[in-house]
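There are 2 protein chains.
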Amino acid sequence: MVTLAEVARHAGVSASTVSYVLSGKRSISAATRERVETSVRRLGYHPNAGARALASSKSNIIALMVPLRTDMYVPVIMEIATAVATAARTHGYDILLLTGEEGAQAVRRIEGSALADAVIVMDVELDDERLPLLRTASRPAVLIGLPDDTTGLDCVDLDFAAAGALCAEHLAGLGHREIAVIGEAAAVYERRTGFAERTLTGLRERSAELGLRLLHRPCEGSYASVSATLSRIYDERPGTSAFIVQNEAATDPLLALLRQSGRAVPEDVSVVAVCPEQVARHASVPLTSVAVPAQEMGRRAVEQVVAQIEGRGAAEEVVLLAPELTIRESAAQAPPAA
Amino acid sequence: MVTLAEVARHAGVSASTVSYVLSGKRSISAATRERVETSVRRLGYHPNAGARALASSKSNIIALMVPLRTDMYVPVIMEIATAVATAARTHGYDILLLTGEEGAQAVRRIEGSALADAVIVMDVELDDERLPLLRTASRPAVLIGLPDDTTGLDCVDLDFAAAGALCAEHLAGLGHREIAVIGEAAAVYERRTGFAERTLTGLRERSAELGLRLLHRPCEGSYASVSATLSRIYDERPGTSAFIVQNEAATDPLLALLRQSGRAVPEDVSVVAVCPEQVARHASVPLTSVAVPAQEMGRRAVEQVVAQIEGRGAAEEVVLLAPELTIRESAAQAPPAA
DNA sequence: ACAGGGCGTCGAAGCGCTTCGACGGACTTC
DNA sequence: GAAGTCCGTCGAAGCGCTTCGACGCCCTGT
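Sequences listed follow chains B and F, in order. Going letter by letter, the first sequence gives residues 203 to 540 in the numbering used here. Going letter by letter, the second sequence gives residues 203 to 540 in the numbering used here.
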């Protein structure tokens, strides 16, 4: 293993000089710098991560806490995670993968061992047990998600309330009056995952303003569950002319079941989804949808966290990305009332 | 931040004693050990990861290279990744998340900087550019997947050839003679991802033995693509009575399209899939399938890698998990030939 | 020609931990 | 009762890097 000292010897300078060339923290003459850089390349030198971390109290690692649950749509999580990893690398950081399993304990471990310089937390619940710890931690933290109380915390998320409102507006604009919401699994609401509640709130408020009748039903992602939910909805509100879906796993079953029951999308019934672009595009009827910008969220989270590590960037910054509705083929003018 | 020295002072012993209590590498009297352990708890001590790594040349970190591609079924990747992370924690390791993007470069970085004690590589191509590096690396590596040449490498994977054979046998046993294979996207074959090829090989060999006619078509996961593929298949082989699907994203579209075209599953046409259990269970017709045991693969990979780090465990061990076919509702006796 | 300032470089002191050799005491063993 | 063991503990030497203060040197201004 090549060390700093060997590079120094090879280049005919002292170890500290090499260090300064690498970090750029002091000015070095062009000649020396080049000599050192050549030696680094020739010897294939990589700084020892442990030694560097010890000496500088900086590990260049960002911890990422991802949920382990299976009731969330996995591709979104994965997309955020890879976006985070990729963005982190462009800033010279690596990602340490923590599963939610360890919970608050993991935060303590990371904090205590100085394993990571900062933490990014996904799947935040409105009243998450990790929040107090993150607030008092000496390391920066950024949440992907939005808890009830954001004091002392940085957050990045889609503005789900606005997304909900946007869906309501779009359907209202098309003349729909009776709308059913097919939501996430009941468990998601029970553990108070913020995004689901916020969408619903935005949806309800805007619907009230626009005079829409709204019916919300949680739903699992299986055919059986979607089928049951659909029956209940039509029993209670036979006049339903549009669906808003916030449950990626339910979109395909929904479209298939509507088709089977003889209702054409979008001629007889409209569907608007809150889901990743990919899901919307590849559905059997391309979905008019509000995108969940997973990539963007991951990238922004990294940028915030890096800004904090480097001392720039105020804490307590809450970034809510504005939702955008893309019109595809699943929503159309409401049919004349029966 | 609490240090070893502070714990030592608090417990009234030397630093080395504390270290030995923590590592168990030398015998310590019960009395002393307890005193130290109490101090550790009281002070909330966590060893500094950097210092430990520097002194012991062991980081207790395992690097995991996950693919960044989106043409692979993401949930499987995620499931393996979380299984790896969870299993690693039980052995006292953390996971460093590397995206495939950096490719071989990442291997060099990790190796050079001693950031990780070992590497687990996913999405291995048959002739992967990272293999030579991994062979000569001083750190253990385990592949999840199976390259052409496994000399000097540890591998864990499902025995996809056997899985293919199993599908063929099952359908043959039900009296099917003309079988179509809906495969992964063409790009997956082009870059020579092993599992896809191996499944096909197993399938072909067994089919030949059993006298089955086989037609293989790569396919994207979209409705449009599945629809086109289906048309082509029925054009070429109108007598097709069964499908084998190895493309998780294509299962739902396939079932929907078969239904739409008036072919009942399994009465008119049988479907057997190679996919994760969850996909099989939640399909609109629960799928008779060979499971891709993502959890198990992740766990085994960690166990092998840890064994190697700790000096147990021979290198060049290739673990091929035996496939299991679960009978559900999508495959039945072939209808009498038309 | 000389003081004063930068600029570029070096040496040395740690960062917090592991680990090796050594040492003292209690316990055997003949 | 002396010699030999073993067990439990300690001190000190690093691991490879960063960083601070110091030191020369050359350039500038007068």
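Built from N, CA and C at the ideal position, the CB exists for glycine as well. All of these numbers come straight from a predicted model, not from anything done at the bench.
Report all residues from its chain with a CB closer than 6 angstroms to the CB of residue i; omit the five preceding and five following residues, and keep chain order.
| i | result |
| --- | --- |
| leucine 298 (chain B) | Ile263, Ala265 and Ala318 |
| glutamate 303 (chain B) | Leu270 |
| alanine 217 (chain F) | Leu206, Ala207 and Ala210 |
| valine 223 (chain F) | Ile230, Arg235 and Val238 |
| arginine 400 (chain F) | Phe362 and Ala363 |
| leucine 544 (chain F) | An answer regarding residue 544 (chain F) cannot be provided, because it is not within the stretch 203 to 540 covered by chain F. |
| asparagine 250 (chain F) | none |
| valine 409 (chain F) | This sequence places serine at residue 409 (chain F); valine is not what is there. The answer, listed in chain order, is Ala370 and Leu416. |
Taking 8 angstroms as the limit between beta carbons, can you name the residues of its chain near residue i, skipping five residues before and five after?
| i | result |
| --- | --- |
| glycine 459 (chain F) | First, the amino acid is wrong: residue 459 (chain F) is leucine here, not glycine. Tyr425, Val428, Ser429 and Leu432, listed in sequence order. |
| alanine 493 (chain B) | Cys477, Pro478, Glu479, Ala482, Pro525, Glu526 and Thr528 |
| leucine 456 (chain B) | Ile384, Val428, Leu432, Phe445, Val447 and Val473 |
Is residue j closer than 8 angstroms to residue i when the C-beta atoms are compared?
| i | j | result |
| --- | --- | --- |
| serine 443 (chain F) | alanine 370 (chain F) | no |
| aspartate 454 (chain B) | alanine 485 (chain B) | yes |
| glycine 366 (chain F) | threonine 395 (chain F) | no |
| glutamine 510 (chain B) | alanine 285 (chain B) | no |
| arginine 393 (chain F) | glutamate 327 (chain F) | yes |
| alanine 343 (chain F) | valine 323 (chain F) | yes |
| alanine 316 (chain B) | glycine 252 (chain F) | yes |
| isoleucine 446 (chain B) | valine 487 (chain B) | no |
| alanine 439 (chain B) | leucine 417 (chain B) | One detail in the question is off: residue 439 (chain B) reads as arginine in this sequence, not alanine. Yes, these two residues count as a Cβ contact at 8 angstroms. |
| leucine 345 (chain F) | leucine 355 (chain F) | yes |
| alanine 283 (chain F) | arginine 501 (chain F) | no |
List the residues of chain F whose Cβ lies closer than 7 angstroms to the Cβ of residue i, in chain order.
| i | result |
| --- | --- |
| tyrosine 436 (chain B) | Correct list: empty, because the minimum Cβ distance to chain F is about 19 angstroms. |
| valine 276 (chain B) | Val276, Pro277 and Met280 |
Indicate the three-state DSSP secondary structure (helix, strand or coil) for residue i in the structure shown.
| i | result |
| --- | --- |
| isoleucine 230 (chain B) | coil |
| aspartate 325 (chain F) | coil |
| aspartate 296 (chain B) | strand |
| serine 221 (chain F) | helix |
| cysteine 369 (chain F) | helix |
| arginine 332 (chain F) | coil |
| serine 491 (chain B) | strand |
| glutamate 386 (chain B) | coil |
| isoleucine 529 (chain F) | coil |
| valine 428 (chain B) | helix |
| aspartate 470 (chain B) | coil |
| methionine 267 (chain F) | strand |
| leucine 245 (chain B) | helix |
| glutamate 479 (chain F) | helix |
| threonine 395 (chain F) | strand |
| threonine 403 (chain B) | helix |
| leucine 459 (chain F) | helix |
| arginine 419 (chain B) | strand |
| valine 215 (chain F) | coil |
Considering only residues of the same chain and omitting the five flanking positions on each side of residue i, which have a CB-CB separation below 7 angstroms?
| i | result |
| --- | --- |
| glutamate 386 (chain F) | Ala398, Pro420, Gln448 and Asn449 |
| serine 221 (chain F) | Leu206 |
| glycine 246 (chain F) | Val204 |
| proline 468 (chain B) | Glu531, Ser532, Ala533 and Ala534 |
| leucine 368 (chain F) | Val492, Pro525 and Leu527 |
| arginine 228 (chain B) | Tyr222 |
| glutamate 422 (chain F) | Ala387 |
| serine 261 (chain B) | Ala255, Ala316, Leu317, Ala318 and Asp319 |
In chain B, which residues lie less than 9 angstroms from residue i when you measure between Cβ atoms?
| i | result |
| --- | --- |
| glycine 246 (chain F) | Arg310 and Gly314 |
Counting only Cβ pairs nearer than 7 angstroms, list the residues of chain B close to residue i.
| i | result |
| --- | --- |
| glycine 252 (chain F) | Gly252, Ala255, Leu256, Ser261 and Ala316 |
| serine 424 (chain F) | His484 |
| proline 249 (chain F) | Ser315 |
| leucine 270 (chain F) | Thr284 |
So residue i contacts chain F; which residues on that side make the cut at Cβ distance below 8 angstroms?
| i | result |
| --- | --- |
| methionine 267 (chain B) | Those do not exist, as methionine 267 (chain B) stays about 11 angstroms from chain F at its closest Cβ, beyond 8 angstroms. |
Using a cut-off of 8 angstroms between C-beta atoms, extract the partners of residue i located in chain B.
| i | result |
| --- | --- |
| methionine 499 (chain F) | Ordered by position in chain B, no residue passes the 8 angstroms Cβ test against methionine 499 (chain F), which lies about 16 angstroms from the chain. |
Below 9 angstroms on C-beta distance, what does residue i contact in chain F?
| i | result |
| --- | --- |
| methionine 324 (chain B) | Going along chain F, no residue has its Cβ under 9 angstroms from methionine 324 (chain B), so there is no contact; the nearest lies around 12 angstroms. |
- [ ] Check distances from the C-beta atoms of the region 380-395 of chain B to those of chain F and list, in chain order, the residues that come in under 7 angstroms.
- [x] none
Open item on the list: Short of 8 angstroms Cβ to Cβ, which residues in the region 282-308 of chain B face chain F?
Closed with: Ala283, Thr284, Ala287, Thr288, Arg291, Asp296, Ile297, Leu298, Leu299, Leu300, Thr301, Glu303 and Glu304
Task: Near-chain B residues of the region 454-478 of chain F - C-beta to any C-beta below 8 angstroms - done: Asp454, Pro455, Ala458, Arg461 and Gln462
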